[in-house]
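For the sequence shown, my numbering begins at -12 and goes up steadily by one.
Structure first, commentary second.
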Amino acid sequence: MPENIFAKAKKSHDLFKDERFLYPEFVPERLPHRDAEVDALVFSLQPVLQGKKPQNVFVYGKSGTGKTATVRFVLNELQQYSDRAKGLYINCFQFNTRHAILTQIANFLGAPTPRRGIGTDEAYSQLNAVLRKTGFVPVIVLDEADQLLHQGEADRLFYDLLRGGEQQRGAFGLIFISNQQEFTARLDARVRSSLGEQTVCFEQYTPQQLKDILKERVQYAFHSNALDADVINVAAAHAAKFGGDARIAIECLLKAGRQAEKENAEKVLVAHLRKVFPQIDAAVLQKSIGFLSADELAILRAVPANSQIASGDLYGAYAKSVKKPVTQRQFRTLRAKLERMRLINCEEAIKGAKGRTVMISLAFPKAKLEGTAGRESETIKKESRN
Ligand SMILES: Nc1ncnc2c1ncn2[C@@H]1O[C@H](COP(=O)(O)OP(=O)(O)OP(=O)(O)O)[C@@H](O)[C@H]1O
Ligand SMILES: [Mg+2]
C-alpha cells in the first residue's frame, strides 16, 4: 500500500508553536519600546477613573510604528481596570462616513439604531439622548482617520462629537489616529482648537528595536531553536529599510516560517527569508501606490523608467500630462512625500550654469504603475491650484 498522500504531507519538522501570534490582528500584551507612548495615553485617559472628561488625543506616526496595537492595548487595560470607561474602536476604512460612525456610536451607547432608513441627524439625536443616560465615559477611537478626509466628512463629524461631549458636561473621550502629522491642520480651525489637547507621536523603530519586538514575538510563535541565529537580525534590517515598520518585520517571519515548513526544513534560515522578501516588497509597494492621489501618480508616471530626470523637467512633464497641474510649490511638497514613501530617489546634483538641482529616479519598476488610478487629492483641492 502506498503511503496516504496526507500522511506524506504531514510535516516532520514542526517549526511553529502557534503561528497566530504573528497574524496582523493579534494584539500583544507587551509592547517593547512603547512605554513612553503608553504612559502618555494613560495620563490623558486617567480623568475617566473619576468619571471626568479625558483629554482628547491625537496619535500619529508612520505605518507599522505600533499606533493601533498600543491604543488597543491601553483601551483593554482601561476597561479591565475600571467600569467607568468603555472604549469603542472604529476603523475608518470600514466606517468612513459621518452617518456610519454616528450610527456605530449610538449603537455602542445602547440606542438600537439601524444603519439604513434613518437620517444622520436622527442618528445623532439618538446618540445624544442615550449619552445623557450612560453610566460610563465613552472613549471613541477613530483609527485611520485620514479616510474621513478623503470622504470630506471629518469636520462635521468631529464637530458633532465635540458638541455631544459638551452636552454631557464634556464626559466624552476621543482618540484619533493618523499617518500624517498634518492631519489636524487639514481640519476646520474651530474643530482643531477644541481637538488638539494632547499629541502622541510614534517614531519609526530602529533595527535594534525591531529585533527586540521580534525576539519577544518569536517565543510565542515558534518552537525553541526553530530559527537560525541570524534570521531575526536580517528580518529586522529588512523592515528598517521600509521605515521601521514592525508589521513588515513580523510578516517576514511568518512567511519565512511557512516557506521553511513547506520545504520541510529543520530550521527557518536566512535563505527562507530571502525567498519571501520579493513577495513582501511587492505587497508593500502595491499598498503605497494604492494610497496616492491622482497628482502624485501623474508625477510618478512622468519619471522615466530607467533614468534620472531633473526636478524642473519633471514638473514640466507632469504639468503637460494633467488638466490642472498643482503649483511648483505644491509639486515640491508632493515630491518630498513620494521620497518619504521611498517611491522615488532624490539626489542633489550640479547642473551647468543653473547651479544645483535635484535629480529624480523611480525606486521601483515602472511597470508596477500600470492600471493604477489615484484619488483626487484633498490637500490640493482645499488650496487653490495656481
Ligand atoms: N512595540 C511593539 N511590540 C510588539 N509588537 C508591535 C509593536 N509595535 C508594533 N507591533 C506589531 O506590529 C504590527 C503593526 O503595528 P500597528 O498595527 O500597531 O501599526 P500602526 O502604527 O497602527 O500602522 P498603520 O499606520 O499602518 O495602521 C502589529 O502586528 C503589532 O502588533
Ligand atoms: Mg494602525
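Just so it is clear, CB atoms sit at the ideal spot from N, CA and C, and this is done for glycine as well.
For Tyr192, the three-state DSSP class (helix, strand or coil): coil
Rounded Cβ spacing between Val14 and Ile162 (contact assumed at less than 8 Å): Contact doesn't hold; Cβ gap of about 15 Å is too wide.
Cα-Cα separation, Ser31 to Phe8: 29 Å
Candidates Arg261, Phe(-7), His86, Phe351, of which the one nearest Ala247 by Cα: Arg261
Between the CA atoms of Tyr192 and Ala216 - distance to the nearest angstrom: 21 Å
Leu18 Cβ short of 7 Å to ligand 1 heavy atom set: Indeed, a heavy atom of ligand 1 lies less than 7 Å from the Cβ.
Gly342 - DSSP class collapsed to helix/strand/coil: strand
Where Ala297 sits in the DSSP three-state scheme: strand
Residue burial classification, Ile235 (beta-carbon count within 10 angstroms, cutoff 16): When all chains shown are included, Ile235 counts as buried.
Thr57 beta carbon near ligand 2 (any heavy atom closer than 7 Å): No, ligand 2 has no heavy atom inside 7 Å of this Cβ.
Reference Pro41, options Tyr146, Glu203, Ser280, Gly160, closest by Cα: Gly160
Lys254 versus Ala350: straight-line alpha-carbon distance, rounded: 33 Å
Check whether Leu135 and Ala141 have beta carbons under 8 Å apart: yes
Buried or exposed (CB count within 10 angstroms, at least 16 for buried), Ile(-8): exposed
Rounded distance between the beta-carbons of Ala93 and Gln113, thought under 8 Å: The beta-carbon distance between Gln113 and Ala93, rounded to whole angstroms, is 5 Å. This is short enough to meet the 8 Å contact definition.
Touch test, the segment 69 to 78 against the segment 19 to 38, Cβ-Cβ under 8 Å, three pairs minimum: Taking one beta carbon from each stretch, the segment 69 to 78 and the segment 19 to 38 have 3 or more pairs nearer than 8 Å; the two touch.
Ile88 and Leu144 closer than 8 Å at C-beta: yes
Where Val128 sits in the DSSP three-state scheme: Looking at Val128 - three-state DSSP - the assignment turns out to be strand.
Same chain, Cβ closer than 7 Å to Pro(-11), neighbours up to 5 away in sequence not counted: none
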